[in-house]
Each structure stands twice: as C-alpha cells, then as structure tokens.
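Single-structure report; data block below.
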Amino acid sequence: MSNLENAQNEPGQTAPAPRKKADSSVLVKGCAIGCGAVAFFLVLLLGGGFWVFWNSVLPKMATSMSEKLASDFETMKEVGKVPEEHAALYQSLVDYVQEPEAAFPAVLLCLTIVETNLDDGQVSESELKEAQDARAFLEANPTAGFTAVETFMSEHEGLKERSQALANSVLPSALAGAE
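In our numbering, the protein residues as written are 1475 to 1653.
Spelled out as structure tokens, the structure:
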C-alpha cells in the first residue's frame, strides 16, 4: 500500500477534501455584491454633496444676492429709477430678502422683479401688478421654495425667462461670494 492510502486508513486522520471547480454563480454573486456596495457609496457621496450644496452653498448665495439687491436698489433710488409712488412696494420686496427665512428661490424672484421692473425708471401696469402679486405671494408663503416660486413665475408672463436671464448674469458672482 502507498503512503497516501495508509494515511487515509489511519485512525484520527481525515482525507483531504476533493477540490471543487469554482461555481459561476459564486462569481456572479460576488460581482453583484461588489457593484451594489460601489453604488451604495456613490449614492451616499452624491447625497452628501447635495446636502452640503442645499444647506451651505444656497443660503450663502441667497445672502450674497440679497446684499446685491439692497445695494442696487439704493443706487436705483439715488439715480431716480424708482418712481416715488411705487418706492414702498419695491422697498418691501427688498426688505423681504433681507429676512433670514428668505430662501434662495424667493430671493431670485425679488431680485428679478426689482431689477427688471425698474431698469427703465418706469413701472407699467403689468409690472406694478407683478410686484404686488409677488409681495402678496411672499407674505402668504414666507419660506417659499423652488416649487412654489416656479408656480408663481409660470403664472406671470415672461417672469420665468427674465429670471433665468438674470440668474445667468448674477449667479456666477453670487457663487463666488458664497465661497
């Protein structure tokens, strides 16, 4: 008898287990677990980035934009672009964005209305109605977010387009001020 056969027959010793071929389902399960873990960490990373942006960058941008609006409005009053009979209405919009609860979308709304309605130094009937509606909207929704402001803008002709054009010119400097 060979030594291998003797080793298998001796008491207290077990024979080595025969080698099995790797099952392809084990590989698939391993890949699925690995991909799932990577996807989970990507979701955490993206969620964390979104949270930081939402809770840190947007409020800083809103503050920067509200400071710009206050400064621009003072300049508009000094150069006579704010009609006296409408100064209180537009001042109320400027004052609103100075409040701590003023969210980024509402700040952008006020900035758009004040800057675009007063750029020519005159206030038309439609501009007056838009500003009055905005003041009433913000009084009723002091913490208005993206959805509420988006709905308000869509109800006023051209406001959304003016807001987007203004945002494209103002946001880079506001973002720089937020850093």
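All residues carry an ideal CB built from backbone N, CA and C; glycine is no exception. Here the structure is a predicted model, which means the values were calculated and not measured.
Taking 8 Å as the cut-off, the Cβ atoms of L1543 and V1571 count as close.
Within the same chain, Cβ atoms closer than 7 Å to the Cβ of A1641 are found at L1582, the five residues on either side in sequence being excluded. In the structure shown, the three-state DSSP call for E1629 is coil. Under the three-pair Cβ rule at 8 Å, the region 1555-1565 does not count as touching the region 1507-1515. When the beta-carbon positions are compared, L1563 and Q1596 stay at least 8 Å from each other.
Taken through DSSP and simplified to helix, strand or coil, V1556 comes out as coil. Assigned with DSSP and collapsed to three states, V1644 falls in helix. If you draw a straight line from the Cα of S1540 to the Cα of K1551, it comes to about 16 Å. In the three-state reduction of the DSSP assignment, S1598 falls in the coil class, being assigned neither a helical nor a strand state. At least 8 Å separates the beta-carbon of A1576 from that of V1623. Here the alpha carbons of T1586 and T1537 stand approximately 15 Å from one another. C1584 and A1608 do touch by the CB rule: their CB atoms are close to 7 Å apart, below 8 Å.
The straight-line gap separating the alpha-carbon atoms of R1636 and E1573 is approximately 24 Å. Note on geometry: alpha-carbon atoms of E1629 and I1507 lie some 49 Å from one another. Per DSSP, the continuous alpha helix (DSSP H) segment holding T1586 begins and ends at F1578 to L1592.
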